[in-house]
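**Q**
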Amino acid sequence: MNIRRQLEERLSAALLAAVGKPMPAMVAPAAKAEFGDYQANGIMAAAKAAKTNPRKLAEAVLAKVDLSGLSEKVEIAGPGFINIHLRNEFLTAGVNALAADARLGVPPPDRPQRVVVDYSAPNLAKEMHVGHLRSTIIGDCLANLLVFTGQDVTRQNHVGDWGTQFGMLLAYMDRLGQSGQSADISDLEEFYRSSKALFDSDEDFARTARDYVVRLQAGDEHCRRNWESFLDQSLRHCEEIYQALGVRLTRADVYGESAYNADLPKVVGDLRAKGLLKESQGAQCVFLDEFKDAEGLPLPVIVQKSDGGYLYATTDLAAIRYRVGTLHADRILYVTGSPQALHFAQVFAVARKADFAPGDVQLEHIGFGSMLGPDGKPFKTRAGGTVKLMELLDEAKKRAYELVTGKNAADVAAGRANELDEQQRREVARAVGIGAVKYADLSQNRTSDYVFSFEKMLALDGNTAPYMQYAYARVMSIFRKAGLEVESVQASPIQLDQPQERALGLKLLQFSEVIDSVAANCQPNLLCSYLYDLARDFTGFYEACPVLDSPEPVRSSRLALSAGAARVIRTGLDLLGIQTVEQM
Ligand code: ARG
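With this note's numbering applied, the sequence shown covers 17 to 600.
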């Protein structure tokens, strides 16, 4: 049940009747309790457009709107806001329905969309770096969330497994083999660096490397086999990271650049047949009027170089054809850093022109900012090298272990918690450490840069994973104390008599609104803020409303309300890819 949408539909209908033009009433949860539960903010803009007085227009809207059943009081405030106070019976019915619903009030779609989520996509010639960490975390969250909403999701790991660098790496593998050394690529970064150094300094080797590219392209048996073994080892390294992160990508989701190799000439042929190609300095280009260079001249999208080679953009055009034509995608999300914004804008524009993607297929670049070090510069090791992701995650777990151990000792001393043994603390530390890294990323507005800080992400207060995990464990402690299961109490009738019960109930009902927004705008930080607010509303409820010491039927009602909070927090964190723990 999406209350916001229901209100918006009814108020927008009244607004249409009042001004004769469709204008959005723009309903949002009220920022303060004194503004009611929801507030319509669109009246002022509508009045401006209709050249009328906003308060008068608000009155006209209220005269026409039908909010019966939903609200008990509406009032006009300030320059023309409409404050809406919902009826308690309406909220109570909603909360009871949510408690009985396995989907927590999120309705299944009328018709599922096929959504392709393109994320992680490391370059397999090198080690995965922090840019891919962000893509992996954000992309996995979006895929989880879309699955939860009932969409038909295909994860695509568009790995970089093709191109001239592989000629160099294969030549280097053979060079080591001939000198009796085994090609140890366990340190990919080191392997890449040594082969690149040789490539740059040794003309003979560089020639061999180029020759290997040609052999690989031509399907040479030996080259193919080594290439496959290289990719396998490199992917295994990625999978260790995925596993450590609890990311749901598998081998079956890998569909890399090489998979489109045979399609590239067809893409160019198609573009030519459609009259979209122009030759410029020997290269095949599509010129798009909507993209201009500094001098105002149309920018070319190069799809084939003068030497016949293809480019990153050509592969992405082939990928669009495949995703639309074979996977039948209705919507494709590309989770890569913001610097690739122009690349995708151009690829999308060409794909539209060439009709690789009809107008009703949504193509979206889900860009994100950089992860910065404490100095505010792109995240690097002290020596300026790339940070090994596994070491980063290990460090997070180590610090989380210290946090969990200290916190548990303090809680035991204060009589608030049971003592956790070594193994329990290790498990909690893994959930908290990994959760902290992911939550720190997801809770940022994804388009901004953010400073990676272990101290901040592991703080027990503030909008962090440990705070949320602790909040969940605290809800669960009620059930542990009472010897009850969440599932066994969730169906008891819920009453919302106290203001804190009402606030918590309303917040639970807003879960589906938040899920809707994140599914549409791909902004996981909205879900994080929502969960944080929910945890605080739960605290407010818990401090004001005794649960286990209340007489029946209040006790059962409050237990059921707590069960709802536990389920929404657990589900929300699960969609973010963050594990909950029962005790902390
Ligand atoms: N491999 C690319 C990189 O490391 C990311 C690929 C993203 N996906 C795509 N369809 N282009 O930057």
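The beta carbon of each residue, even a glycine, is placed where N, CA and C say it ideally should be.
Where DSSP assigns a beta bridge to E91, which residues make up the other side?
**A** Within the sequence shown, the letter at position 75 stands for residue 91. DSSP lists N99 as partners of E91.
**Q** Please indicate yes or no: does the CB of D156 lie closer than 6 Å to some heavy atom of the ligand ARG?
**A** Mapped onto the sequence shown, residue 156 falls at position 140. No, the beta carbon of D156 sits no closer than 6 Å to any heavy atom of the ligand ARG.
**Q** Using a 10 Å radius around the Cβ and a threshold of 16 neighbouring Cβ atoms, would you call P569 buried or exposed?
**A** The sequence position of residue 569 within the sequence shown is 553, counting from 1. P569 should be labelled exposed.
**Q** Can you list, in chain order, the residues of its chain whose CB lies under 6 Å from that of Y486, leaving out five sequence neighbours each side?
**A** Within the sequence shown, the letter at position 470 stands for residue 486. M600, listed in sequence order.
**Q** Where do the ends of the alpha helix (DSSP H) carrying K212 lie?
**A** As a first step, residue 212 must be located in the sequence shown, where it is residue number 196. Unbroken alpha helix (DSSP H) run through K212: 204–217.
**Q** Take P647 as the anchor and find which of S578, P123, K64 has the nearest alpha-carbon.
**A** What is shown of the chain runs 17 to 600, which leaves residue 647 out entirely.
**Q** Among all the DSSP beta bridges, which residues are the ones paired with V169?
**A** What you label residue 169 is simply residue 153 of the sequence shown in a count that begins at 1. V131, per the DSSP bridge assignment.
**Q** My output table needs one value for S296: the three-state DSSP class, helix, strand or coil.
**A** One-based indexing of the sequence shown puts residue 296 at position 280. Note: S296 maps to strand in three-state DSSP.
**Q** So what's L315 in DSSP terms, helix, strand or just coil?
**A** Indexing the sequence shown from 1 puts residue 315 at position 299. Here L315 sits in strand by DSSP.
**Q** Helix, strand or coil, according to DSSP, for P374 in the structure here?
**A** Sequence index remark: in the sequence shown, residue 374 carries index 358 (1-based). Of the three classes helix, strand and coil, the one that applies to P374 here is coil, per DSSP.
**Q** The ligand ARG and H253: does any heavy atom of the ligand fall closer than 6 Å to the residue's C-beta?
**A** Position 237 of the sequence shown, counted from the first residue, corresponds to residue 253. No, the ligand ARG has no heavy atom inside 6 Å of this Cβ.
**Q** At a threshold of 6 Å, does T266 count as lining the ligand ARG (C-beta to nearest heavy atom)?
**A** In the sequence shown, counting from the first residue as 1, residue 266 sits at position 250. No - the ligand ARG has no heavy atom lying nearer than 6 Å to the Cβ of T266.
**Q** Any heavy atom of the ligand ARG closer than 6 Å to the CB of H174?
**A** Against the sequence shown, residue 174 aligns to sequence position 158. H174 Cβ: within cutoff of the ligand ARG.
**Q** CB of N139 to nearest heavy atom of the ligand ARG: below 6 Å?
**A** Indexing the sequence shown from 1 puts residue 139 at position 123. Checking every heavy atom of the ligand ARG against the Cβ of N139, one is found closer than 6 Å.
**Q** On the DSSP letters alone, give me the boundaries of the alpha helix (DSSP H) that Q439 sits inside.
**A** On the sequence shown, residue 439 is found 423 positions in, with the first residue counted as 1. Where Q439 is concerned, the enclosing alpha helix (DSSP H) stretches over 438–458.
**Q** Measuring only the C-alpha atoms, how far is K472 from P70?
**A** By 1-based counting over the sequence shown, the position of residue 472 is 456. By 1-based counting over the sequence shown, the position of residue 70 is 54. Approximately 44 Å, taken between the alpha carbons.
**Q** Going along the chain, which residues of its own chain have a beta-carbon closer than 7 Å to the beta-carbon of V534, five neighbours each way excluded?
**A** By one-based count along the sequence shown, residue 534 stands at place 518. For V534, where only same-chain residues beyond five positions count, the Cβ hits under 7 Å are L161, P540, L542, L543.
**Q** When DSSP labels each residue in this structure, what does K67 get in the three-state scheme?
**A** The sequence position of residue 67 within the sequence shown is 51, counting from 1. Coil.
**Q** Is T180 near the ligand ARG, judged by its Cβ being under 6 Å from some heavy atom?
**A** For the purposes of this step, residue 180 is taken as the residue at position 164 of the sequence shown. For the ligand ARG, not one heavy atom lies less than 6 Å from the Cβ of T180.
**Q** Give the secondary structure of Y271 by DSSP, where H, G and I count as helix, E and B as strand, and everything else as coil.
**A** As a first step, residue 271 must be located in the sequence shown, where it is residue number 255. Coil.
**Q** Relative to the alpha-carbon of I382, which residue among T330, K404, R462 has its alpha-carbon at the smallest distance?
**A** Against the sequence shown, residue 382 aligns to sequence position 366. Of the candidates T330, K404, R462, the one whose C-alpha sits nearest the C-alpha of I382 is R462.
**Q** Is K308 helix, strand or coil when you go by DSSP?
**A** For this step, residue 308 is matched to residue 292 along the sequence shown. Note: K308 maps to strand in three-state DSSP.
**Q** Going by C-alpha distance, which of H174, E598, F246, P40 is nearest F601?
**A** Summary: the structure shown does not reach residue 601, with the chain confined to residues 17 through 600, and so no result is reported for it.
**Q** What three-state label does DSSP hand C301 in the structure shown?
**A** Locating residue 301 in the sequence shown gives position 285, counting from the first residue. Residue state, collapsed to three classes: strand.
**Q** For L114 and L577, what's the separation of their Cα atoms in angstroms?
**A** Taking the sequence shown and counting its residues from 1, the one referred to as residue 114 is at position 98. Taking the sequence shown and counting its residues from 1, the one referred to as residue 577 is at position 561. Answer to the nearest angstrom: the Cα atoms are 10 Å apart.
**Q** For P123, is the classification buried or exposed, using 16 other Cβ atoms within 10 angstroms of its Cβ as the cut-off for buried?
**A** Position 107 of the sequence shown, counted from the first residue, corresponds to residue 123. Exposed: under 16 other Cβ atoms inside 10 Å.
**Q** Just mark P138 as buried or exposed, buried being the case when its beta carbon has 16 or more other beta carbons within 10 Å.
**A** For the purposes of this step, residue 138 is identified with residue 122 of the sequence shown, where counting begins at 1. That one is buried.
**Q** For the segment 125–135 against the segment 154–170, are there 3 or more C-beta pairs whose distance is under 8 Å?
**A** Because the criterion of three Cβ pairs below 8 Å is met, the segment 125–135 and the segment 154–170 touch.
**Q** List the residues that DSSP assigns as beta-bridge partners of I348.
**A** In the sequence shown, residue 348 corresponds to position 332, counting from 1. Answer is V132, L379.
**Q** Please determine, among S493, Q181, G580, the residue with the shortest C-alpha to C-alpha distance to Q526.
**A** For the purposes of this step, residue 526 is identified with residue 510 of the sequence shown, where counting begins at 1. With distances taken between Cα atoms, Q526 lies closest to G580.
**Q** So, is L564 buried or exposed, given that buried needs 16 or more other C-beta atoms within 10 angstroms?
**A** Start at 1 with the first residue of the sequence shown, and residue 564 comes out as number 548. By the neighbour-count rule (16 or more Cβ atoms within 10 Å), L564 is not buried but exposed.
**Q** Can you list, in chain order, the residues of its chain whose CB lies under 7 Å from that of Q595, leaving out five sequence neighbours each side?
**A** As a first step, residue 595 is located in the sequence shown; it is residue number 579 there, counting from the start. Closer than 7 Å at Cβ, skipping near neighbours: G262, A447, G451.
**Q** Please list, in chain order, all residues of the same chain as H344 whose beta carbon is under 7 Å from its beta carbon, the five residues on each side excluded.
**A** Residue mapping note: residue 344 aligns to position 328 of the sequence shown, counting from 1. Cβ within range, chain order: R130.
**Q** Quick check on the burial criterion: 16 or more other C-beta atoms within 10 angstroms. Buried or exposed for R209?
**A** Here residue 209 refers to the residue found at position 193 when the sequence shown is read from its first residue. Exposed: under 16 other Cβ atoms inside 10 Å.
**Q** Counting pairs of Cβ atoms below 8 Å between the segment 189–206 and the segment 371–388, do you hit three or more?
**A** No: the two stretches stay apart, fewer than three of their Cβ pairs being nearer than 8 Å.
**Q** Could you tell me how far apart the beta carbons of N621 and S528 are, in whole angstroms, since I believe they sit closer than 8 Å?
**A** Residue coverage of the chain in this structure runs from 17 to 600, which leaves residue 621 outside it and unanswerable.
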